[in-house]
Amino acid sequence: MTDLAHLESGRDSMAFWAPFTPMRQFKQQAMMFSSAQGMYYTTTNGRQVLDAMAGLWCVNAGHGQAKITEAIREAAGRLDFVSSFKMSHPAALRMAERLIDVAPAGMEQVFFTNSGSEAVDTALKIARAYHQARGDCRRTRFIGRAKGYHGMGFGGLSVSGIGRQKRDFGPLLGEVAHLPLPYDASMRFSAGQPEGGLQYAHALTQLLEIQDPGTVAAVIIEPVTGSGGVYPPPVGYLHVLREICDRHGILLIFDEVITGFGRLGSSFAAQALGVTPDIMTTAKGLTNGAVPMGGVIVSAAVYQAFMRGPENAIELMHGYTYSAHPLACAAGLATLEVHAEQGINEQARAIEPLWQACALALQGVQWVVDIRAIGLLCAVELAPREGAVGARGAAVAQSCFEHGVLVRGSGDTIVISPPLVITRDQVAQIFDTLRSAILSVA
Ligand SMILES: Cc1ncc(COP(=O)(O)O)c(C=O)c1O
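To convert, count from 1 in the sequence shown and add 18; that's the working numbering.
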């Protein structure tokens, strides 16, 4: 932690309103970083901290990848900006092509946004407009899932399954229902996809009996719940959802903002888990976190549904000033090259068994009530302190930070998602530090 009074720029920080941050605490003491390289941040007071969060689930290839930095520098000096409304630039077209190259077979077209939240809202709009374009105007409802996080736009928030995040902002989209979280006590301490739990996928059929399937535009889920606490789907769960959606003409949207770019050892979770959606969102790892960018990738069938009517008519009345920004495209293309050249997905797959073994080795440690690990993601859930939900999680995260490891405390759950270039020693360091922190803070 840095006492802001000692910072040269401390007074400036008083104007900064930070996202998802208790501001009055932050103004007293903030975690402040000045640089990053590889697996490490350097704090403003010169301490090295192992980044076990990949920034915020985004720096999948590690910090300061030279090729990405250089590509951004070069692009900034050549073409600072060009609109994507009725025009474009070569890197945008190349970026879309390269992305389709690594996307699941059948995905055909990419719409660029600037964040995951914009990608989600875009995906929801595309889903509704797809049905409209086909003359199926009754399909306006969405189905999300408990604990789903889909960003902070009104659309994403509406389909989100985290009530606390919606509380202050209603009314949201009214036409939303939610599936249950496909997880229960029988699946505790799991590595990879848990067995059982297909009833949670069949819950969609029950929901559709209530909703009238002909009114549902899309089901949106994270293939693996991320921010809500790392909940992998049970074996076969996604296949059943896919089958039910197909049966009822409902689009299936995977929000792959976290699960893309190697987090599960493949370009997307769709490939790792063997189910292809109709629409998928991406962001974060797309540019290795270096420039804001998101995208919506749609199947050939979805895209083709829009390609009707007069040729001079805009098919999708939607877009952002900075869609396909030249700097973001440069960063994205370089990221894809880095992933291919350095075998980032392969690195993730190679370290995954050790990752999961080290995570599960915390079973039995005092206060640890559940561990969920999949790909290079993991959640260690702690029993809350009596009358102080979240306090133990915050104290453990703080202790880890003081001992040189940055993890995310989300309530009483410690969530870890390191850059995929992590070494075996660094995996051990993370879990050793976490174990000591859990035992020391009590
Ligand atoms: C699954 C998912 N969707 C959407 C978002 C929102 O992305 P952003 O914060 O870039 O708007 C996030 C962010 O964590 C996410 O995890």
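Cβ coordinates follow ideal geometry from the N, Cα and C atoms, glycine included.
In this text the structure is predicted, and so the values were computed from the model without any measurement.
Simplified DSSP state of residue i, which is helix, strand or coil
i	result
Gly56	strand
His343	coil
Ile239	strand
His81	strand
Val414	helix
His196	strand
Ser135	helix
Gly173	helix
Val356	helix
Thr140	helix
Ala209	strand
Phe419	helix
Tyr249	strand
Gly95	helix
Ile276	coil
Arg146	helix
Boundaries (first-last residue) of the alpha helix (DSSP H) holding residue i
i	result
Val258	Tyr255 to His266
Leu117	Pro108 to Val120
Thr451	Arg442 to Val459
Met41	Met41 to Gln46
Thr223	Gln217 to Gln229
Val320	Ala318 to Phe324
Asn363	Ile362 to Leu378
Gln289	Ala287 to Leu291
Where the beta strand (DSSP E) through residue i begins and ends
i	result
Leu68	Gln66 to Asp69
Cys396	Leu395 to Leu400
Phe129	Met125 to Thr131
Asp388	Val386 to Ile392
Gly162	Arg159 to Arg163
Glu431	Reading off the sequence, residue 431 comes out as Thr, not Glu. That run of the beta strand (DSSP E) goes Thr431 to Ile434.
Arg185	First-last for Arg185: undefined, no H or E at that position.
Gly73	Per DSSP, Gly73 belongs to no beta strand (DSSP E); it is in the alpha helix (DSSP H), Ala72 to Trp75.
Phe272	Leu269 to Asp273
Arg512	This structure leaves residue 512 out entirely; the chain is present only between 19 and 460.
Arg297	One detail in the question is off: residue 297 reads as Ile in this sequence, not Arg. Per DSSP, Ile297 belongs to the beta strand (DSSP E) from Ile297 to Thr300.
Any non-hydrogen atom of ligand 1 closer than 7 angstroms to residue i Cβ
i	result
Ser435	no
Ala290	no
Ile276	yes
Ala323	no
Gly179	no
Ser176	no
Trp75	yes
Ser428	no
Asp273	yes
Tyr201	no
Ala308	no
Val314	no
Ala301	yes
His168	yes
Ser133	yes
Ser454	no
Ser245	yes
Val242	no
Proximity of residue i and residue j at Cβ, strictly below 8 angstroms
i	j	result
Gly210	Ile392	yes
Val423	Ala70	yes
Arg159	His149	no
Ala114	Ile271	no
Val177	Ile238	yes
Ala301	Glu126	no
Val100	Pro310	no
Thr277	Ala287	yes
Gly179	Glu136	no
Ala235	Leu269	yes
Gln374	Val439	no
Sequence-distant residues of its chain with Cβ nearer than 7 angstroms to residue i (five each side left out)
i	result
Asn330	none
Gly82	Ala54, Gln55 and Gly56
His257	Val293
Gly73	Gly307
Leu225	Ile161, Ala195 and Leu197
Phe103	Gly337
Phe207	Leu378, Gln381, Asp388 and Ile389
Same chain only: Cβ atoms within 8 angstroms of residue i, ignoring 5 sequence neighbours per side
i	result
Leu457	Val383 and Gln384
Leu400	Trp385, Val386, Val387, Arg410, Gly411, Val414, Asp430, Thr431, Ile432 and Ile456
Tyr58	Gln66, Val67, Leu68, Asp69 and His81
Arg442	Ile369 and Leu372
Arg112	Cys347 and Leu351
Close beta carbons around residue i, own chain, < 6 angstroms, minus the five adjacent residues each side
i	result
Ser245	Tyr167
Phe279	Asn78 and Gly303
Ala151	Ala323 and Phe324
Leu282	Ala290 and Gly393
Gly296	It should be pointed out that residue 296 corresponds to Asp in this sequence rather than to Gly. These residues qualify, in order along the chain: Leu269, Leu270, Ser317 and Val320.
Ile362	Ala79, Gly280 and Leu438
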